[in-house]
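Chemist: Below is the structure I would like to discuss, written out as structure tokens.
Protein chains: 2
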Amino acid sequence: MTAVAPPGGITVVPVRGLPEVSAGDDLAGMLAEAAIAAGLADGDCLVVTQKVVSKAEGRVVALDEADVAARRRLIEGESVRVLRRRGDLLITETSHGFVCANAGIDVSNMPDGTVALLPLDPDRSARRLRDVLRGRGVDVAVVITDTFGRPWRQGLCDVAIGVAGLRAVVDLRGTHDTSGRSLAVTEMAVADEVAGAAELVMGKAASVPAAIVRGLDPAWFGPGSARDLVRPPSEDLFR
Amino acid sequence: MTAVAPPGGITVVPVRGLPEVSAGDDLAGMLAEAAIAAGLADGDCLVVTQKVVSKAEGRVVALDEADVAARRRLIEGESVRVLRRRGDLLITETSHGFVCANAGIDVSNMPDGTVALLPLDPDRSARRLRDVLRGRGVDVAVVITDTFGRPWRQGLCDVAIGVAGLRAVVDLRGTHDTSGRSLAVTEMAVADEVAGAAELVMGKAASVPAAIVRGLDPAWFGPGSARDLVRPPSEDLFR
Numbered sequence: 012m013t014a015v016a017p018p019g020g021i022t023v024v025p026v027r028g029l030p031e032v033s034a035g036d037d038l039a040g041m042l043a044e045a046a047i048a049a050g051l052a053d054g055d056c057l058v059v060t061q062k063v064v065s066k067a068e069g070r071v072v073a074l075d076e077a078d079v080a081a082r083r084r085l086i087e088g089e090s091v092r093v094l095r096r097r098g099d100l101l102i103t104e105t106s107h108g109f110v111c112a113n114a115g116i117d118v119s120n121m122p123d124g125t126v127a128l129l130p131l132d133p134d135r136s137a138r139r140l141r142d143v144l145r146g147r148g149v150d151v152a153v154v155i156t157d158t159f160g161r162p163w164r165q166g167l168c169d170v171a172i173g174v175a176g177l178r179a180v181v182d183l184r185g186t187h188d189t190s191g192r193s194l195a196v197t198e199m200a201v202a203d204e205v206a207g208a209a210e211l212v213m214g215k216a217a218s219v220p221a222a223i224v225r226g227l228d229p230a231w232f233g234p235g236s237a238r239d240l241v242r243p244p245s246e247d248l249f250r
Numbered sequence: 012m013t014a015v016a017p018p019g020g021i022t023v024v025p026v027r028g029l030p031e032v033s034a035g036d037d038l039a040g041m042l043a044e045a046a047i048a049a050g051l052a053d054g055d056c057l058v059v060t061q062k063v064v065s066k067a068e069g070r071v072v073a074l075d076e077a078d079v080a081a082r083r084r085l086i087e088g089e090s091v092r093v094l095r096r097r098g099d100l101l102i103t104e105t106s107h108g109f110v111c112a113n114a115g116i117d118v119s120n121m122p123d124g125t126v127a128l129l130p131l132d133p134d135r136s137a138r139r140l141r142d143v144l145r146g147r148g149v150d151v152a153v154v155i156t157d158t159f160g161r162p163w164r165q166g167l168c169d170v171a172i173g174v175a176g177l178r179a180v181v182d183l184r185g186t187h188d189t190s191g192r193s194l195a196v197t198e199m200a201v202a203d204e205v206a207g208a209a210e211l212v213m214g215k216a217a218s219v220p221a222a223i224v225r226g227l228d229p230a231w232f233g234p235g236s237a238r239d240l241v242r243p244p245s246e247d248l249f250r
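Protein chains in written order, with our numbering: chain B, 12 to 250; chain H, 12 to 250.
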């Protein structure tokens with residue numbers, strides 16, 4: 012790839028050519044190779060879907076989807092709290108603090124009779140991948156994404172569940188707007204917007220497990236964690 | 012702009028050079044000129060922030076921010092329902108069906124003592140802009156965006172509040188994943204992901220009111236409305 016982000020703009024490029032991933036695979040090495048082949052360069056952000064991370068980390072379990080009780084036990088085991096139930100659907104808070112459907116357990120693109128659980132520590136997975144890439148001479152941020160629903164709005168969006176080297180939420184409070192007034196609320200969830208942008212090229216069925224986002228504001232790079240995207244329950248009006 | 016989206020990828024480019032916008036201005040004409048100068052081409056999606064639309068449509072009212080009662084009356088007047096109150100913050104459902112803080116009323120980048128309300132019909136605003144651009148020989152989709160918070164997650168994201176020429180939610184249900192199973196839930200909120208991607212280049216204080224998104228899947232173009240992004244209250248577990 013020789014894609015150059017236009018002045019002030021960004022480009023998002025799919026990373027293809029990753030072999031099928033199984034438990035114990037050196038995912039960081041495989042991703043590094045595919046992403047560098049796709050042109051990954053210093054200052055980029057590499058976005059990776061949760062599913063390949065879960066597969067490589069062995070977060071795959073057998074589940075007979077018809078066994079409703081087993082399914083419920085599995086979801087509850089991955090959750091610290093159930094917020095809502097309706098039929099088969101549970102909205103729960105995972106051990107990471109994420110609120111999502113069915114604890115993020117995923118049946119798509121999985122062998123029959125198996126499901127993928129969320130990585131135990133997606134921030135750590137992101138850091139590991141970032142470190143491997145640095146070892147190969149490429150200094151980038153890494154975002155691991157999953158597909159979440161949300162209240163009030165139809166349709167799913169990809170969001171960040173693991174972050175390394177990127178400030179997940181960029182606090183522009185105190186920045187002055189063009190009229191000179193300070194902005195009251197401008198904490199942008201940059202990592203989530205990056206995740207959504209990457210999803211536009213990764214699709215759901217196209218076997219593209221990663222994307223390169225180029226042209227992000229250099230000021231956004233730095234220590235970051237997906238935990239910064241979790242609203243403390245005490246500040247949350249809907250928990 | 013000569014930016015070409017890389018194969019399978021997208022580019023997002025800021026649109027600059029828009030004069031200050033006031034009530035009654037021919038925003039569609041001004042935006043068309045600036046966007047075409049920035050390289051807008053057939054098959055692109057033009058993303059425009061709500062604020063310039065509200066200004067041009069005269070959706071600006073005087074408000075003394077210190078007058079708490081007046082502020083509350085204004086928010087309630089723009090709302091059909093109040094979901095939550097905490098201190099100054101009201102989470103309401105607007106007449107459009109959007110659930111957001113303070114009915115989307117916006118004080119940033121506004122002259123002192125004034126605030127911007129949401130456009131009365133942002134889909135219509137998007138259609139009008141799309142029609143003007145078609146009249147100038149450029150066939151694009153248009154998305155009008157605003158910055159919304161969300162439960163459970165820190166930080167704001169831009170989302171679509173007006174859509175023309177783009178399917179706001181793309182239903183991939185029935186599409187088969189790589190293992191041949193049909194995907195259970197894959198309605199992606201494409202217009203919201205496009206809005207978030209555009210925000211990455213528009214920023215909050217950079218006076219960039221629009222962006223060009225190039226390289227979206229041609230299958231996503233077609234009749235669309237931001238109403239498709241509103242989850243019917245009867246299906247909503249958090250309303």
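Cβ coordinates follow ideal geometry from the N, Cα and C atoms, glycine included.
Computed from a prediction, not measured in an experiment: that's the story for all the values here.
Within 10 angstroms of the Cβ of S65/B, are there 16 or more other Cβ atoms? Answer buried if so, exposed if not.
Modeler: It counts as buried.
Chemist: Would you say W163/B faces chain H, with C-beta separation under 7 Å as the test?
Modeler: Taking Cβ atoms only, chain H reaches closer than 7 Å to W163/B, which makes this a yes.
Chemist: Quick one: what does DSSP say M41/B is sitting in, helix, strand or coil?
Modeler: Three-state DSSP puts M41/B in a helix.
Chemist: Cβ closer than 7 Å: which chain H residues qualify as neighbours of P25/B?
Modeler: Near P25/B (Cβ distances below 7 Å), the residues of chain H are G19, G20.
Chemist: Provide the residue(s) that pair with A175/H in DSSP beta bridges, ordered along the chain.
Modeler: V153/H.
Chemist: So does the region 18 to 25 of chain B actually touch the region 86 to 100 of chain B, counting three or more Cβ pairs closer than 8 Å?
Modeler: Cβ pair count under 8 Å is below three, so no.
Chemist: Given a limit of 7 Å on CB to CB distance, which residues of the region 52 to 84 of chain B reach chain H?
Modeler: Correct list: empty, as no residue qualifies.
Chemist: So, helix, strand or coil for L101/B, using DSSP?
Modeler: In this structure, L101/B counts as strand in the three-state DSSP scheme.
Chemist: Taking Cβ positions only, does L211/H come closer than 7 Å to chain B?
Modeler: Yes, L211/H counts as interfacial toward chain B.
Chemist: Below 8 Å on C-beta distance, what does I155/H contact in chain B?
Modeler: Chain B residues near I155/H: none, gap ~15 Å exceeds 8 Å.
Chemist: Excluding five sequence neighbours on each side, which residues of the same chain lie with their C-beta closer than 6 Å to the C-beta of V181/B?
Modeler: These residues qualify, in order along the chain: M199, V201, W231.
Chemist: Suppose you measure from the CA of R83/B to the CA of L248/B; what does that come to, to the nearest Å?
Modeler: Roughly 26 Å between the two C-alpha positions.
Chemist: Given S119/H, which residues of its chain have a CB within under 6 Å of its CB, disregarding the five upstream and five downstream residues?
Modeler: Closer than 6 Å at Cβ, skipping near neighbours: no residue.
Chemist: Using C-beta distances below 6 Å, list every residue in its chain close to W163/B, excluding the 5 sequence neighbours before and after it, in chain order.
Modeler: Nothing meets the Cβ criterion.
Chemist: Alpha carbon to alpha carbon, how far is L129/B from L29/H?
Modeler: So the alpha carbons of these two residues sit roughly 45 Å apart.
Chemist: Three Cβ pairs or more, each shorter than 8 Å: is that satisfied between the region 67 to 81 of chain H and the region 139 to 157 of chain H?
Modeler: The answer is no - the region 139 to 157 of chain H does not touch the region 67 to 81 of chain H, with fewer than three Cβ pairs under 8 Å.
Chemist: Identify each residue in the region 126 to 153 of chain B for which the Cβ-Cβ distance to at least one residue of chain H is less than 7 Å, and report them in chain order.
Modeler: Answer in chain order: no residues at all.
Chemist: Quick one: which unbroken alpha helix (DSSP H) runs of 4-plus residues sit fully inside the region 59 to 145 of chain H? Chain order, please.
Modeler: Whole alpha helix (DSSP H) segments, 4+ residues: 61 to 67, 79 to 88.
Chemist: At what residues does the beta strand (DSSP E) containing V23/H begin and finish?
Modeler: First-last of the beta strand (DSSP E) with V23/H: 21 to 26.
Chemist: I'd like to know if the region 89 to 104 of chain H and the region 132 to 139 of chain H are in contact, where contact means that at least 3 CB-CB pairs between them fall below 8 Å.
Modeler: Result no; under three Cβ-Cβ pairs closer than 8 Å.
Chemist: Going by C-alpha to C-alpha distance, which of M121/H, R238/H, L227/H sits closest to D134/H?
Modeler: The shortest C-alpha separation from D134/H is found at R238/H.
Chemist: Could you compute how far the alpha carbon of G214/H sits from the alpha carbon of A81/H?
Modeler: One C-alpha to the other measures close to 30 Å.
Chemist: Is there a Cβ of chain H sitting closer than 7 Å to that of L248/B, yes or no?
Modeler: So yes, L248/B belongs to the interface.
Chemist: Assuming contact is defined by CB atoms lying nearer than 7 Å, are G235/B and L144/B in contact in what I supplied?
Modeler: Not closer than 7 Å, so no.
Chemist: Tell whether a beta-carbon distance below 7 Å holds between D157/B and G115/B.
Modeler: Yes, they are a contact pair.
Chemist: Can you pull the chain H neighbours of E198/B, defined as C-beta to C-beta under 8 Å?
Modeler: Correct list: Q165, G166, L167.
Chemist: T197/H bridges to which residues according to DSSP?
Modeler: None, per the DSSP bridge assignment.
Chemist: By DSSP's criteria, R161/H is part of a beta bridge. Which residues make up the other side?
Modeler: Looking at the DSSP assignment, R161/H forms no beta bridge with any residue, so it has no partner.
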